[in-house]
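J.: Take a look at this one; I'll ask things after.
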Amino acid sequence: MPEEGEDFEHEDEEFKLLGQAWTVVDGVYYPKWWQQDQVEVLKAQWSARGGDVFCTSMLPVLGVKRLLVALVEGHTNPWMPGIMDKPHYPALAASQLGAECFMSEAAALPGRRFFMTMNCLRSIPCRYPFEDATAEGSPPKVVVLVTDPRHAFVMQWEFIKEKVAGISSQYSLADFIRFANCGRNLIFGDIYEHALAWVRESEKHPGLVGIFDGRRLGSFDPKEVRTELENIAEFLNIPKERAAELVSASFRDDPDKGALAREPAKLEWVAGGQLQRQSAQSLTHFEESLNTLPIWVREQWRSMLKSWEVSEHPLLRELALASLKGVASTLPLNLTVSFKGGTAHALGTCRPCVFALRGMCQNSEEMCRYCHAPGHEKVSRPRQKTRQSRKAEQERRHMARTPSPPRSSDVMDSFSYTLLASQNVDATFALEENIGASATDSSPRPSWPALPRM
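Rendered as structure tokens:
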């Protein structure tokens with residue numbers, strides 16, 4: 200691991216990222232087989248058509264892509280086999296198959312089309328700004344998913360570990376954090392400037408570019424997922440009812456495992472029904488790794504958040520302030536796991552819904568955050584009088600443990616002693632005189648020594 204100021208090794212236009220060679224294009228690191236000339240063809244020749252949706256994010260969105268594809272393309276179940284077989288990554292497809300082949304295949308796709316890109320604004324793989332393509336209804340739009348930078352760090356590190364064999368045995372998340380803080384961008388580019396650029400674009404074209412909270416799409420709480428997906432649906436002129444149906448379907452406990460097995464990235468964390476890895480787990484992992492690094496690395500990390508902290512966009516400010524709180528913004532470990540799902544229920548780690556046990560839950564099994572599976576023992580709820588008595592007892596104990604604030608005279612006594620001692624006055628005599636003065640109002644207080652001019 201290099202010391203402060205020490206640079207990583209360069210080799211012509213290739214950069215050895217953590218021991219693995221990558222090709223650098225506009226500050227973004229791509230695999231060796233990347234064909235940037237084919238991507239440039241897309242940028243020059245390929246035009247979006249009405250109804251197209253481009254989703255951009257600086258982290259691998261994995262299962263969330265299923266949810267968005269189903270929403271845009273009109274599917275009723277995000278677990279449906281074959282839903283991910285289309286070329287949803289234009290730059291990737293053009294680099295592997297050639298730009299002409301991708302454009303031909305994309306032109307044959309019926310209805311609304313969904314595409315993913317991790318590129319910054321200047322590198323979006325099509326003609327941009329979008330040409331007038333409203334003849335088919337809704338114009339092309341961009342959905343920008345922003346998340347906690349700490350979560351983005353961890354997800355990109357997980358992505359690298361999966362794609363680069365053996366790298367996890369040589370380097371840790373702490374190494375990756377240090378690398379990114381040494382003036383380097385993350386593998387997919389600068390996450391801070393990526394979000395800021397799209398925020399500026401959304402201010403110019405609010406009807407064409409929308410900023411959304413990627414954390415909520417990966418929440419354990421189905422209601423949070425539904426709320427954010429409904430916001431996206433409204434922005435894309437899609438009925439909110441379809442978003443609600445898809446969220447309900449996504450939290451069913453029997454997903455098509457065959458469809459998941461064909462995913463480019465393994466989704467081990469869908470056992471509870473959620474489609475996205477939970478950011479709460481990532482935040483804890485990040486903070487533990489960051490605290491093992493030198494102070495100058497941690498200070499650099501805080502300085503990198505400054506651009507979001509002073510941003511006028513409320514979501515960026517919220518994410519920056521949460522990141523600056525550090526460990527204080529993380530959840531206890533017992534709240535970073537799913538409260539329901541077949542795996543959790545079998546292991547006995549799920550949390551039963553007390554309302555469902557009494558037949559009073561207002562949510563369906565899919566939309567409730569807690570477990571509705573059979574086999575839980577019904578537990579009677581304490582009476583209201585008992586609950587109030589327990590609460591009063593807890594408050595009484597809390598007040599008994601809370602120390603009283605210091606008296607103003609005590610504070611002055613301490614301050615007087617410190618100040619007089621700094622002026623080489625007999626500290627013991629001064630303290631006794633000052634305490635005596637505070638006890639008897641008629642006793643004269645000692646005169647304050649003249650303070651030196653600064």
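Quick note, our numbering runs 199 ahead of the 1-based positions in the sequence shown. By construction, the Cβ of each residue, glycine as well, lies at the ideal position given by its N, Cα and C atoms.
#1: Given tryptophan 356, which residues of its chain have a CB within under 7 Å of its CB, disregarding the five upstream and five downstream residues?
#2: In angstroms, rounded to a whole number, what distance separates the CA positions of serine 418 and glutamate 427?
#3: By the three-class DSSP mapping on this structure, what secondary structure does leucine 504 have?
#4: How far does the beta strand (DSSP E) with serine 256 in it extend, from its first residue to its last?
#5: Please classify serine 579 as buried or exposed, where buried requires at least 16 other C-beta atoms within 10 Å of its C-beta.
#6: For a test of the three-state rule: what should DSSP assign to phenylalanine 314, helix, strand or coil?
#7: Report the residue from Asn436, Pro493, Pro230 and Pro309 whose alpha carbon sits nearest the alpha carbon of arginine 248.
#8: Out of Pro286, Met566 and Arg312, state which residue places its alpha-carbon closest to the alpha-carbon of histidine 274.
#9: Give me the Cβ distance between glutamate 511 and leucine 520, rounded to the nearest whole Å; I'm assuming they're in contact under 8 Å.
#10: Measure from the C-beta of methionine 283 to each C-beta in chain C and report whether the shortest distance is under 8 Å.
#11: Classify proline 463: buried if its beta carbon has 16 or more other beta carbons within 10 angstroms, exposed otherwise.
#12: List the whole-angstrom C-beta distance separating valine 342 from valine 224, where the pair is believed to meet the contact cut-off of C-beta under 8 Å.
#13: Assign glycine 388 to one of two classes, buried (16 or more other C-beta atoms within 10 Å of its C-beta) or exposed (fewer than that).
#14: Please check the pair leucine 241 and proline 324, which I expect to be a contact at CB under 8 Å, by giving their CB distance rounded to whole angstroms.
#15: For the beta strand (DSSP E) that valine 342 lies in, which residues bound it at each end?
#16: Report the three-state DSSP secondary structure of tyrosine 569 (helix, strand or coil).
#17: List the endpoints of the continuous alpha helix (DSSP H) containing aspartate 412.
#18: Is the region 537-555 in contact with the region 564-571, if contact means three or more CB pairs nearer than 8 Å?
#19: Pull up the distance between the alpha-carbon of proline 277 and that of tyrosine 288, whole angstroms please.
#20: Please work out which residues of its chain come closer than 6 Å, Cβ to Cβ, to aspartate 420, disregarding the five sequence neighbours upstream and downstream, and give them in chain order.
#21: Is proline 338 buried or exposed, if buried means 16 or more other CB atoms sit within 10 Å of its CB?
#22: Pick helix, strand or coil for proline 438, following the three-state DSSP scheme.
#23: Three-state secondary structure (DSSP) at glycine 574?
#24: Taking methionine 279 as the reference, which of Glu487, Asn490 and Arg451 has the closest Cα?
#25: In angstroms, rounded to a whole number, what distance separates the CA positions of serine 522 and valine 496?
#26: Does the beta-carbon of glycine 409 have 16 or more other beta-carbons within 10 angstroms, so that it is buried, or is it exposed?
T.: Looking at the atomic coordinates:
#1: Leu372 and Phe375
#2: 10 Å
#3: coil
#4: Where serine 256 is concerned, the enclosing beta strand (DSSP E) stretches over 252-256.
#5: exposed
#6: Here phenylalanine 314 sits in strand by DSSP.
#7: Pro309
#8: Arg312
#9: Actually they do not touch by this definition, with Cβ atoms about 14 Å apart.
#10: The structure shown contains no chain C, having only a single protein chain.
#11: Because the pLDDT at proline 463 is just 43, under 50, the model does not fix this residue reliably, and the point stays unresolved.
#12: Between valine 224 and valine 342 the Cβ distance is about 24 Å, and since that is not below 8 Å, they are no contact.
#13: buried
#14: 5 Å
#15: 340-345
#16: DSSP places tyrosine 569 in coil when its eight states are reduced to three.
#17: Aspartate 412 -> not in any alpha helix (DSSP H); beta strand (DSSP E) instead, spanning 408-412.
#18: Per the Cβ contact rule, the region 537-555 is in contact with the region 564-571 (3 or more Cβ pairs under 8 Å).
#19: 18 Å
#20: Arg568
#21: buried
#22: coil
#23: coil
#24: Arg451
#25: 15 Å
#26: buried
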